[in-house]
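In what follows, a single structure is set out as structure tokens and then discussed.
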Amino acid sequence: MNFEVWIQSIAEKMSLEGFSIAGGFLEEIIAPIPSPLVMMTAGTLAAIQTYSITQLLGLALLGSAGKTFGSWIIYAVTRKAEDWVLGRFGNFLGVDRAQVEELSEKLNKGWKDYVILTVLRSLPFMPSSVLSVVCGLVKIRHSIFLVTTFLGNFARNLIFLYIGYEGKAAYESLISGMDNLESLFKALILLALAGVIGWVYFQRQKKNKRS
Numbered sequence: 064m065n066f067e068v069w070i071q072s073i074a075e076k077m078s079l080e081g082f083s084i085a086g087g088f089l090e091e092i093i094a095p096i097p098s099p100l101v102m103m104t105a106g107t108l109a110a111i112q113t114y115s116i117t118q119l120l121g122l123a124l125l126g127s128a129g130k131t132f133g134s135w136i137i138y139a140v141t142r143k144a145e146d147w148v149l150g151r152f153g154n155f156l157g158v159d160r161a162q163v164e165e166l167s168e169k170l171n172k173g174w175k176d177y178v179i180l181t182v183l184r185s186l187p188f189m190p191s192s193v194l195s196v197v198c199g200l201v202k203i204r205h206s207i208f209l210v211t212t213f214l215g216n217f218a219r220n221l222i223f224l225y226i227g228y229e230g231k232a233a234y235e236s237l238i239s240g241m242d243n244l245e246s247l248f249k250a251l252i253l254l255a256l257a258g259v260i261g262w263v264y265f266q267r268q269k270k271n272k273r274s
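Set out below in structure tokens:
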């Protein structure tokens, strides 16, 4: 499916404000959509419709609202699924509920969590859905998740909006480049998770042999 054509067809049928909200939501819950596509399309259309630079702030806020709602759905589903994962695979991984809750308590204290998660979410190449899954698994507090997700998405949206606003050539090249970079980061994160699981399993087997 050509997502660029699909997104552009949606944009043609809606106001730019409505597209920013709906597009932000769709971009988050439909993983194959390249992350820059929606906001850069909105930025290009904003330039054509002679929006001012300051009006891009409103589009960034609306896009962040839609994307944050999509992120929250992923986060909430993963948070619920964490109980099922621990019940099924906790013994195999050598991880129990108490350990997860201990990690959650460590990650839910202080302003540093707000700063770190906001910065991570604002990075253009960071896979947003993966970050939502991780936050759900370690049970980051709802308030921390929502605030950092909204602020990070707002900053990220501004970057993509401005690029789309400034030129079509940059729009096309960056969509391709950022999609490849985000795919690479997703692969690296999955490899890292697989490595951690393998290491935990190895340590568990080693411990069993000694006992």
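For the sequence shown, the tail end lands on 274 under this note's numbering, and the numbers increase by one without skipping. Glycine residues also receive a C-beta, built at the ideal position from the N, C-alpha and C atoms. Computed from a prediction, not measured in an experiment: that's the story for all the values here.
Straight-line spacing of the CA atoms in E145 and V196 works out to 10 angstroms.
For A105, the enclosing alpha helix (DSSP H) covers residues 100 to 111. DSSP, read as helix, strand or coil, puts K175 in helix. Apart from sequence neighbours up to five positions away, the residues of its chain that approach S192 with a beta-carbon distance below 7 angstroms are E91, A94, I137, ordered along the chain. The beta carbons of S78 and F217 sit no closer together than 8 angstroms. Taking the CA atoms as reference points, N220 sits about 9 angstroms from P187. By the Cβ rule, the region 174 to 190 does not count as touching the region 72 to 87, because fewer than three pairs are nearer than 8 angstroms. Residues G121, L122, L125 of the same chain have their beta carbon placed closer than 8 angstroms to that of E80, with the five preceding and five following residues left out of the count. The DSSP-derived three-state label of F132 is helix. Inter-residue distance for L183 and R142 is about 19 angstroms (C-alpha atoms, whole angstroms).
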